[in-house]
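Report on the following structure.
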Amino acid sequence: MKPVLLIAPLALLAACSPRTEVEPNVVAADAWCRPAAAGAPAVGCYVTLQSAVDDRLVAVQSPAAARSEIHTMSMDDGVMRMRALPDGLVLPAGERVALRPGAEHLMLIGPTGALAEGGEVALTLTFEKAPAQTLSAQIRSAPHGMGH
Ligand SMILES: [Cu+2]
1 MKPVLLIAPL ALLAACSPRT EVEPNVVAAD AWCRPAAAGA PAVGCYVTLQ SAVDDRLVAV
61 QSPAAARSEI HTMSMDDGVM RMRALPDGLV LPAGERVALR PGAEHLMLIG PTGALAEGGE
121 VALTLTFEKA PAQTLSAQIR SAPHGMGH
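Written out as structure tokens, the structure is:
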């Protein structure tokens, strides 16, 4: 009898688990970067992410910069400061996480050239669970739809 009693609860658990249905996937929308003059030390990029499962943005790469980091901003003694997020950015399941000026952002450090308004920058985002994806970020000086 003992084996039968053990199997029944396990089968029930498997049937109820959402993990068998939801594939890790992140939808990225409205990626954009600020324009930068040649020789600018760094430039901010922004994107809205929505993950199907609890996930994490762990890295960003771009051919347009020497290196790229995930940053956050916070008030420190009345001064806005930014710092890199060494563990990346948490993406709770189903939640829209908007990277935006004054908050979490992607930072391209040491752009390899000028980033002219109207151009595009490739950004490759790496996630803990979802497949990596490469976005084409528009170069513009303000968020899309600002002022509406
Ligand atoms: Cu930054």
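FYI, the numbering for the sequence shown is 1 to 148, going by my numbering. A virtual CB, placed ideally from N, CA and C, is assigned to each residue, including glycine.
Would the beta-carbon of residue i fall within 8 Å of that of residue j?
{"i": "residue 138", "j": "residue 28", "result": "no"}
{"i": "residue 99", "j": "residue 106", "result": "yes"}
{"i": "residue 33", "j": "residue 108", "result": "yes"}
Report all residues from its chain with a CB closer than 7 Å to the CB of residue i; omit the five preceding and five following residues, and keep chain order.
{"i": "residue 90", "result": "56"}
{"i": "residue 119", "result": "139"}
{"i": "residue 49", "result": "26, 28, 57, 91 and 97"}
In the DSSP assignment, find the beta strand (DSSP E) that holds residue i and state where it starts and stops.
{"i": "residue 121", "result": "120-127"}
{"i": "residue 29", "result": "26-33"}
Is residue i buried or exposed, if buried means 16 or more other CB atoms sit within 10 Å of its CB?
{"i": "residue 68", "result": "buried"}
{"i": "residue 148", "result": "Only weak support is given to the placement of residue 148: the predicted model assigns it a pLDDT of 37, under 50, and the question is left unresolved by the model."}
{"i": "residue 44", "result": "buried"}
{"i": "residue 74", "result": "exposed"}
{"i": "residue 77", "result": "exposed"}
{"i": "residue 104", "result": "buried"}
Take residue i and list the residues in its own chain whose beta-carbon comes closer than 8 Å to its own, dropping the five residues that flank it on each side.
{"i": "residue 113", "result": "38 and 64"}
Kindly list the residues whose CB is nearer than 6 Å to the CB of residue i, restricted to its own chain and excluding five residues on each side of it in sequence; keep chain order.
{"i": "residue 150", "result": "Here the chain covers residues 1 to 148 and nothing more, so residue 150 does not appear."}
#### Entry: 3-residue-minimum beta strand (DSSP E) runs that sit fully inside the region 43-71, ordered along the chain
55-61
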